[in-house]
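Some notes on the structure that comes next.
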Amino acid sequence: MSDRAAYEIDKRQAPFKLLRLKLAARAWALRIPVIAREPNIGRLIERTKPTQDTPYAGLAIATVVRCCRKAVRRPILMADRPCLREGLLLQRFLTMAGFEPSLHFGVDKESH
């Protein structure tokens, strides 16, 4: 099944859950730049970590990814760090959908 087909199925079967995901993803996309001022990556991940609730359980991975990517598509802030912004958002919402994502970082030695 394609990503688009999975999204359409979720849209028909759980429209309110999908709407809630879209709104929450957009709100967190705006909140992450404020939280990302923290220079310690461990504390940053801890601050964006969700609770144990899984309000988006049942939604396909493709649906969660699509909504999160759409929320961070045109960044106002953190335009220079798109991978961090998108990674933190996906980590949060995939966990809230009942999946166990892992987040990996690559750091340039020359960066400050």
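Be aware that the sequence shown starts at 106, since it is given in our numbering, and climbs by one per residue. Glycine included, C-beta positions come from ideal geometry on N, C-alpha and C.
Please go through the same chain and pick out, in chain order, the residues whose beta-carbon is closer than 6 angstroms to the beta-carbon of residue i, but skip the five residues on each side of it.
i: V216; result: Looking at the sequence itself, residue 216 is Ser, so the reference to Val does not match. Cβ neighbours of S216 beyond the five flanking positions: none.
i: T200; result: P155
i: P138; result: L182, M183
i: I166; result: none
i: Y161; result: L126, M201, A202
i: A176; result: A130, R131, A134
So what's residue i in DSSP terms, helix, strand or just coil?
i: A184; result: coil
i: Q157; result: coil
i: A202; result: coil
i: R148; result: helix
i: K214; result: coil
i: R142; result: coil
i: L208; result: coil
i: V170; result: helix
Which residue marks the beginning of the alpha helix (DSSP H) containing residue i, and which one marks its end?
i: D115; result: 108-118
i: A162; result: Element bounds for A162: n/a, residue is neither H nor E.
For residue i, collect the residues of the same chain with a Cβ closer than 8 angstroms to its Cβ; drop the 5 residues on either side in sequence, then sort them by chain order.
i: A119; result: G163, L164
i: R136; result: none
i: P187; result: V177, P180
Short of 7 angstroms in beta carbon distance, which residues of its chain neighbour residue i, apart from the five on each side in sequence? Order them along the chain.
i: W133; result: L194, R197
Let me see if you follow: with CB-CB separation under 8 angstroms, is residue i close to chain D or not?
i: L182; result: Included in the structure is just one protein chain, with no chain D present.
Three or more C-beta pairs closer than 8 angstroms, one from the region 148-159 and one from the region 109-117: is that the case here?
Segments in contact, no.
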